[in-house]
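Student: Sequence order for the protein chains is A and Z. Per this note's numbering, the first sequence starts with residue 1166, numbered consecutively. Per this note's numbering, the second sequence starts with residue -3, numbered consecutively. My structure is below; once you've seen it, I'll send some questions.
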Amino acid sequence: MKFSLPRQALILVAFSLVPGIGQAIYLRDKISWRSPIPPSEMVSVDQARAWGDSNIWIDARPDDEFARDHVPGAISLNEDHWNELLPQFLATWSPGKKVVVYCSAQSCDLAREVAERLRKEAQLPDVFVLEGGWEAWLKKNR
Amino acid sequence: MFDVGRLAFSAAMKIFWPVFAAILAAVAVIVLIATKKISLWRIVDLIIAAVFIYAGVLKAIDPVQLAHDIDHYKILPWTIGVALAFYLPWLEIFCGLALIFRLFYRGALSILTALVVVFLVATIAAKVRGLDITCGCFGHASQNWSFPAHLALDLAILAALAALCYCSVARRGANASPTPMRCHEV
């Protein structure tokens, strides 16, 4: 039985849906469909503030944005000057401290990337990304 | 002196087996074509199928990383990127298998050609926008490849797919007369 080209393509597309959907169901806890950052790695402004002195704020934005304004006590750590800024940050970190990384807004990817590097390269536990970023901080602190 | 010799031997052994396997494979291909057991186009079919099945399997193993790689292109919303990360590897695998077993052959060729074209356009667009992207084509295996290397491989795959599409159309010609590339041999 010969199928036309569109029908052949449609059958292949349909067949591929089956394992894809199966895998999506199987791995539903490994990935968030709403955000690149899993819920376990995100923290709201209120939650982060509740941690008080046991957290360190990391600003992942470029230097000029950090210089303009930032969370009080935050340390600048961005990918542009990673090698220079990382040692300064590590000097302030100690076991038990939670690290909260933020960038400009929810859509910004910089905080997620810096957080990932801190987990993988610096092997730090308890690294979180601020939900809503700097924008969310400003809204809560106006 | 002894350490230098040992290091050199170790380095030679690391490249020996891949080079030996490549030489064996090349000899096997030449023998098969010379004895007319298999045509050149069937070899191209099998190589392209193997490439896509290999790429699909590598991506299917880590769909979370693939979702992030798709997100880096900043073209699609995150949710759609996740859906594609779960779906595209299997589409590549099934299309590769279709090329090998010659089931839904033309459909598979069309899908793979469309995938490569879309991917090439997205990659070039991302580069023009100044995005520093990791291809994700072969999962972690291609993480450290340079952009020109990726581009060269994708263009080579596209050229092979285009040639296979041409042969497929030629084979379906009413007169089925031999084309200059002898597409009718299987």
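Every residue gets a Cβ at the ideal spot worked out from N, C-alpha and C, and that includes glycine. All values reported here derive from a predicted model rather than from experimental measurement.
#1: Any beta carbon from chain Z within less than 7 Å of A/A1174's own beta carbon?
#2: Could you tell me if A/V1292 is buried or exposed, where buried requires 16 or more neighbouring beta carbons within 10 angstroms of its beta carbon?
#3: Say whether chain Z places a C-beta atom closer than 7 Å to the C-beta of A/L1170.
#4: Run through DSSP, which three-state label would A/Y1267 get?
#5: Return no unless some Cβ of chain C is closer than 7 Å to the Cβ of A/W1258.
#6: Would Z/Y50 and Z/A118 be called neighbours here (beta carbons separated by less than 7 Å)?
#7: Roughly how many angstroms separate the alpha carbons of A/L1192 and Z/I76, rounded to a whole number?
#8: Does the beta-carbon of A/S1205 have 16 or more other beta-carbons within 10 angstroms, so that it is buried, or is it exposed?
#9: Is there a Cβ from chain A that is less than 7 Å from the Cβ of Z/V165?
#10: Between A/V1178 and Z/L105, how many whole angstroms is the CB-CB distance? I'm expecting something under 8 Å.
#11: Measuring straight from C-alpha to C-alpha, what distance separates A/E1278 and Z/F115?
#12: Measuring only between beta-carbons, confirm whether A/G1185 sits less than 7 Å from chain Z.
#13: So, A/L1295 versus A/V1265, is the Cβ gap smaller than 7 Å?
#14: What are the residues that DSSP puts in a beta bridge with A/L1295?
#15: Taking DSSP as the reference, what is the three-state secondary structure of Z/S173?
#16: Three Cβ pairs or more, each shorter than 8 Å: is that satisfied between the region 1231 to 1245 of chain A and the region 1276 to 1290 of chain A?
#17: Residues of chain Z with a CB under 7 Å from the CB of A/F1180: which are they?
#18: Three-state secondary structure (DSSP) at A/S1241?
#19: Where does A/R1307 land, buried or exposed, given buried means 16+ other C-beta within 10 angstroms?
#20: In chain A, which residues lie less than 7 Å from Z/P59 when you measure between Cβ atoms?
#21: Anything in the region 67 to 83 of chain Z with a Cβ closer than 7 Å to a Cβ of chain A? List those residues in chain order, please.
#22: Cβ of A/I1196 less than 7 Å from any chain Z Cβ?
#23: Would you call A/Q1253 buried or exposed, if buried means 16 or more other Cβ atoms sit within 10 Å of its Cβ?
#24: For A/L1177, decide whether its Cβ has a neighbour in chain Z, counting only Cβ atoms nearer than 7 Å.
#25: Can you pull the chain Z neighbours of A/S1205, defined as C-beta to C-beta under 9 Å?
#26: According to the neighbour-count rule (16 or more other Cβ atoms, all chains shown, within 10 Å of its Cβ), is A/Q1288 buried or exposed?
#27: Using a Cβ-Cβ cutoff of 7 Å, what residues of the region 93 to 107 of chain Z are near chain A? List them in chain order.
#28: Which of helix, strand or coil does DSSP assign to A/D1224?
#29: In this structure, does DSSP put A/G1261 in helix, strand or coil?
#30: If you drop the 5 nearest sequence neighbours on each side, which residues of the same chain put their C-beta closer than 8 Å to that of Z/L127?
#31: So the alpha helix (DSSP H) A/F1168 belongs to, where does it begin and stop?
#32: Rounded C-beta distance between A/S1181 and Z/F90? I'm assuming under 8 Å.
Tutor: On the basis of the supplied data:
#1: By this cut-off, A/A1174 is an interface position.
#2: A buried status is given to A/V1292, since no fewer than 16 other beta-carbon atoms sit within 10 Å of its beta-carbon.
#3: Taking a beta-carbon distance threshold of 7 Å, A/L1170 counts as an interface residue toward chain Z.
#4: Of the three classes helix, strand and coil, the one that applies to A/Y1267 here is strand, per DSSP.
#5: Looking for chain C here will not work: the only protein chains present are A and Z.
#6: Z/A118 is positioned such that its CB atom lies no closer than 7 Å to that of Z/Y50.
#7: Using only the alpha carbons, I get a separation of about 16 Å.
#8: Exposed.
#9: Using a CB distance cut-off of 7 Å, Z/V165 does not count as an interface residue toward chain A.
#10: Wrong, their Cβ atoms sit about 14 Å apart, outside the cutoff.
#11: Distance from the CA atom of A/E1278 to the CA atom of Z/F115, rounded to whole angstroms, is 24 Å.
#12: Yes, its Cβ sits closer than 7 Å to a Cβ of chain Z.
#13: Judged by their CB atoms, A/L1295 and A/V1265 are nearer to each other than the 7 Å cut-off.
#14: In the DSSP assignment, the residues bridged to A/L1295 are A/V1208.
#15: Any answer about Z/S173 is weak, because its pLDDT of 48 lies below 50 and its placement is not dependable; what the coordinates show is given next. In the three-state reduction of the DSSP assignment, Z/S173 falls in the coil class, being assigned neither a helical nor a strand state.
#16: Verdict: yes, contact present.
#17: Those are F90, listed as they occur along chain Z.
#18: A/S1241 falls in the strand class under three-state DSSP.
#19: When all chains shown are included, A/R1307 counts as exposed.
#20: Listed along chain A are Q1188 and L1192, each with a C-beta nearer than 7 Å to that of Z/P59.
#21: If the cut-off is 7 Å between Cβ atoms, the region 67 to 83 of chain Z has D67, W74, T75, V78, F82 and Y83 near chain A.
#22: At least one chain Z Cβ lies under 7 Å of A/I1196.
#23: Its Cβ having fewer than 16 others within 10 Å, A/Q1253 is exposed.
#24: So yes, A/L1177 belongs to the interface.
#25: Correct list: empty, because the minimum Cβ distance to chain Z is about 14 Å.
#26: With fewer than 16 other Cβ atoms within 10 Å, it is exposed.
#27: For the region 93 to 107 of chain Z, which is checked against every Cβ of chain A, the residues closer than 7 Å are A94, F100, R102, G103, A104, S106 and I107.
#28: The three-state secondary structure of A/D1224, taken from DSSP, is strand.
#29: Assigned with DSSP and collapsed to three states, A/G1261 falls in coil, not helix or strand.
#30: Leaving aside the five residues that flank Z/L127 on each side, the residues in its chain whose CB is nearer than 8 Å to its CB run, in chain order, H68, Y69 and K70.
#31: Segment: none, A/F1168 is in no alpha helix (DSSP H) and carries neither H nor E.
#32: Taking a contact as a CB-CB distance under 8 Å, the pair A/S1181 and Z/F90 counts as one, their CB atoms being some 5 Å apart.
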